[in-house]
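Visitor: Residue numbers (our numbering), protein chains in the order written: chain G, 808 to 1012; chain X, 808 to 1012; chain D, 808 to 1012.
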Amino acid sequence: MDALLKTIEILGIFAFAITGIIEARRKQMDIIGTYSVAMVTAFGGGTLRDVLINHYPLFWMQNYNYPIMILALAVLSIFVLRKSISFSKPVLMILGLLDALGLGLFSALGTSYALSAGVYWFNAVLIGVITGVFGGVMRDVICNEVPVFFRQSQLYATCSFIGSLVFVLLVNFFPGEPLIPLFSSISAAFVLRVISIKYNIQLKF
Amino acid sequence: MDALLKTIEILGIFAFAITGIIEARRKQMDIIGTYSVAMVTAFGGGTLRDVLINHYPLFWMQNYNYPIMILALAVLSIFVLRKSISFSKPVLMILGLLDALGLGLFSALGTSYALSAGVYWFNAVLIGVITGVFGGVMRDVICNEVPVFFRQSQLYATCSFIGSLVFVLLVNFFPGEPLIPLFSSISAAFVLRVISIKYNIQLKF
Amino acid sequence: MDALLKTIEILGIFAFAITGIIEARRKQMDIIGTYSVAMVTAFGGGTLRDVLINHYPLFWMQNYNYPIMILALAVLSIFVLRKSISFSKPVLMILGLLDALGLGLFSALGTSYALSAGVYWFNAVLIGVITGVFGGVMRDVICNEVPVFFRQSQLYATCSFIGSLVFVLLVNFFPGEPLIPLFSSISAAFVLRVISIKYNIQLKF
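1) Alpha carbon to alpha carbon, how far is G/F968 from X/V847?
2) For G/F828, which residues from the same chain have a beta carbon less than 8 angstroms from its beta carbon, with the 5 sequence-adjacent residues on both sides left out?
3) Using 8 angstroms as the Cβ pair cut-off and three pairs as the minimum, do the segment 915-932 of chain D and the segment 990-1004 of chain D touch?
4) If the cut is a Cβ gap below 8 angstroms, which residues of chain X does G/T965 touch?
5) Name the chain X residues whose beta carbon is nearer than 7 angstroms to that of D/Y863?
6) Count the other CB atoms within 10 Å of the CB of D/G925; is the residue buried (16 or more) or exposed (fewer)?
7) May I ask which residues mark the beginning and end of the alpha helix (DSSP H) holding D/P988?
8) For the alpha helix (DSSP H) containing X/I829, list its first residue and its last residue.
9) Contact between the segment 857-876 of chain X and the segment 899-913 of chain X is defined here as three or more beta-carbon pairs at a separation below 8 angstroms; is this criterion met?
10) Mind listing, in chain order, the continuous beta strand (DSSP E) runs of no fewer than 3 residues lying wholly within the segment 840-867 of chain D?
11) Have a look at G/V978, G/M900, G/Q869 and G/L812 and flag the residue whose alpha-carbon is nearest the alpha-carbon of G/R1000.
12) Can you tell me where the alpha helix (DSSP H) holding D/M1070 begins and where it ends?
13) Mapping DSSP to helix, strand and coil, what is D/N870?
14) G/V973: which of G/I1002, G/F929, G/S1003 and G/L962 sits nearest, CA to CA?
15) Could you tell me which uninterrupted alpha helix (DSSP H) segments, each at least 4 residues in length, are contained entirely in the segment 903-955 of chain X, listed from first to last along the chain?
16) Applying a beta-carbon distance threshold of less than 9 angstroms, which residues of chain G neighbour D/N951?
17) X/P982 by DSSP, collapsed to three states: which one?
18) Under 8 angstroms by Cβ, that's how I've got G/G911 and G/F821 pegged, so tell me the actual separation to the nearest angstrom.
19) For D/V948, return the contacting residues in chain G, with the cut-off set at a CB-CB distance below 7 angstroms.
20) Would a check of beta-carbon distances place G/V858 closer than 9 angstroms to chain D?
21) Per DSSP, what kind of secondary structure is X/S895 in: helix, strand or coil?
22) Apart from the five residues just before and just after D/C966, which ones in its own chain have a Cβ nearer than 7 angstroms to its Cβ?
23) How long is the line joining the alpha carbons of X/L986 and X/S994, rounded to whole angstroms?
24) Measuring straight from C-alpha to C-alpha, what distance separates X/W867 and X/F850?
25) For D/Y871 and chain B, any beta-carbon pair shorter than 9 angstroms?
26) Is the CB-CB distance between X/I937 and X/L811 below 9 angstroms?
27) For X/M900, name the three-state secondary structure that DSSP assigns.
28) In chain order, what residues of the segment 914-948 of chain D put their CB closer than 8 angstroms to some CB of chain G?
29) Does any residue of chain G bring its CB to less than 9 angstroms from the CB of D/F968?
30) Could you check if G/G983 is buried or exposed, using at least 16 other CB atoms within 10 Å of its CB as the buried criterion?
31) How long is the line joining the alpha carbons of X/M1014 and X/T814, rounded to whole angstroms?
32) Using the beta-carbon of each residue, which ones in chain G are nearer than 8 angstroms to D/L855?
33) DSSP on X/L962, reduced to helix/strand/coil?
34) For D/L902, collect the residues of the same chain with a Cβ closer than 7 angstroms to its Cβ; drop the 5 residues on either side in sequence, then sort them by chain order.
35) Do G/I860 and X/P864 have their beta-carbon atoms positioned less than 9 angstroms apart in this structure?
36) For X/F823, count neighbouring C-beta atoms within 10 Å of its own C-beta (all shown protein chains included) and say buried if the count is 16 or more, exposed if not.
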């Protein structure tokens, strides 16, 4: 179980860090700016989660090599990504998919950690949403200087909410089998998010 | 005493949540955006307070049904408030009064909690100001995209400061009688805030 | 050692608080806005550090007279600095020097505190950067409404990073002699920052 959660965590960190790096290079940031955005995107949600549920040391202090991993990734990006790369359709698609993946992974993970910490189920869902959404929102605020989240969310938080809800429901029906709720929750948020981007779905009310 | 503080807390949460919902609907946000703004406005100040004085579980985790209350309120608002409602004078007045009420209630409450946690009196006053002001500032930043607080505060923080100061002073003069400092503190902040809006008073230096 | 760290802390607080006060007066803020900006600049980095490494009470609660010191400074500034003072070259230079000094002092201090708390060396460097940089970034966000940090950082974070790295390295070579790593770290960050402002050096990749 612990190994499974850690794998999900590392995948989510990589997915989010890469979206942060791409966005930062797009905005012509230097290596330090790029590293900062990657760190905020990858660790923002989990750090806020850990502070809210009083879980210390923070997950990136406990797994103390996470920040060095992101540094390696940011340094690597200098050689791979030019500053102000022109954004072709496939790059934007990869960006969207990685962001959706990170959203799904972190929402399920955040909900799981919150439940383990004894948080009430509805609030655990909220913690899942915060974990999944906060890093990406901070990335967008820093890189676009407009908090789009609150305007045209394209179901961003909604996908995270549904994914977290799926986890809470299934974890009750399949106690002792963490794979089923985790996989279902991640898939639900990921697929919904991809569909909502593809068809530009927005809430009407 | 505990029942009294909890009543004040619930009243403050409702007052602030409603201001958040009205502002969000005014900005044509969907239900998830509206719920997010309501949550940030109602819980922002108290959450920052609890993190600063290391009080866990956070007040909205301890009273685990608070977030569901706000959800019910936000869902209800869809039927009552149209998106982009035209703002008549009475609506703006109600908005101002509720915000002033929340400011007074949360300032007194934050100061009281900080003193109980053994915080030095002047810093307890500051914690009171942070509790009273932070949620509303975050709401305005998200909804207006301009942190007006630092420009034309119209005594916003000042009213909170005076209310918190009144609490600290009176709690020394009337030990064992929490009603007097609480009621005086809330009234002071509320009345000063209403007067400062009505006559558009601003600090000159 | 403790007295030394406290001296550095107070110097850093004064340096940052004064930059916050000058910027706030420049933006025509009133006394409450000025005090708020001074507090955020002086205490922002250290508060975030203490929350991240779970060090309670927060440093400005433990040294409970810090906030009153800043209040006295802000009140004093009303008599000394007119609102919207015209900014001569020497004032801008003093502002830059004080900010560079605060950056150096807080970076070394943050790294030192993080190491004492048992944080892994690379993450202690990051905590040093957060401590040194966060207050100034918040001041600039509030006063300029543009987070310049991520655009033209002029090595802002880089100077803090190098200063913190110097501390971590030297503290291993000179155990039991805190003066050498502290002084070297502060000097490195300060001198690099002053040079980077003077010659407008920016990272090219």
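Glycine included, every Cβ here is placed at the ideal spot set by N, Cα and C.
Guide: A quick look at the data gives this:
1) 16 angstroms
2) In the sequence on display, residue 828 of chain G carries Ile and not Phe. Only T841, V844, A845, L880, A881, S884 and L888 meet the Cβ criterion.
3) yes
4) I839
5) Listed along chain X, the residues sitting closer than 7 angstroms to D/Y863 by beta-carbon distance are N861.
6) D/G925 counts as exposed, since fewer than 16 other C-beta atoms from the protein chains shown sit within 10 angstroms of its C-beta.
7) Looking at the DSSP string, the run of the alpha helix (DSSP H) that includes D/P988 is L986 to K1005.
8) Here the alpha helix (DSSP H) through X/I829 covers D809 to R833.
9) no
10) none
11) G/M900
12) Shown here, chain D extends from 808 to 1012; a query on residue 1070 of chain D therefore has no answer.
13) The answer is coil: DSSP assigns D/N870 none of H, G, I, E or B.
14) G/F929
15) 928-951
16) Per Cβ cutoff of 9 angstroms: no residues; D/N951 is ~12 angstroms from chain G at best.
17) coil
18) About 14 angstroms; that fails the 8 angstroms criterion.
19) Within chain G, no residue comes near D/V948; the closest Cβ sits about 10 angstroms away, beyond 7 angstroms.
20) yes
21) coil
22) L910, A996, L999, R1000 and S1003
23) 12 angstroms
24) The straight-line gap separating the alpha-carbon atoms of X/W867 and X/F850 is approximately 7 angstroms.
25) The structure shown contains no chain B; its protein chains are G, X and D.
26) no
27) Looking at X/M900 - three-state DSSP - the assignment turns out to be helix.
28) V926, Y927, F929, N930 and L933
29) Yes - at least one Cβ of chain G is within 9 angstroms of the one on D/F968.
30) Exposure of G/G983 is indicated by the presence of fewer than 16 other C-beta atoms within 10 angstroms of its C-beta.
31) Any answer about residue 1014 of chain X is impossible in this case: the structure gives chain X only from 808 up to 1012.
32) Going along chain G, no residue has its Cβ under 8 angstroms from D/L855, so there is no contact; the nearest lies around 10 angstroms.
33) coil
34) T826 and I829
35) Cβ atoms of X/P864 and G/I860: closer than 9 angstroms.
36) buried
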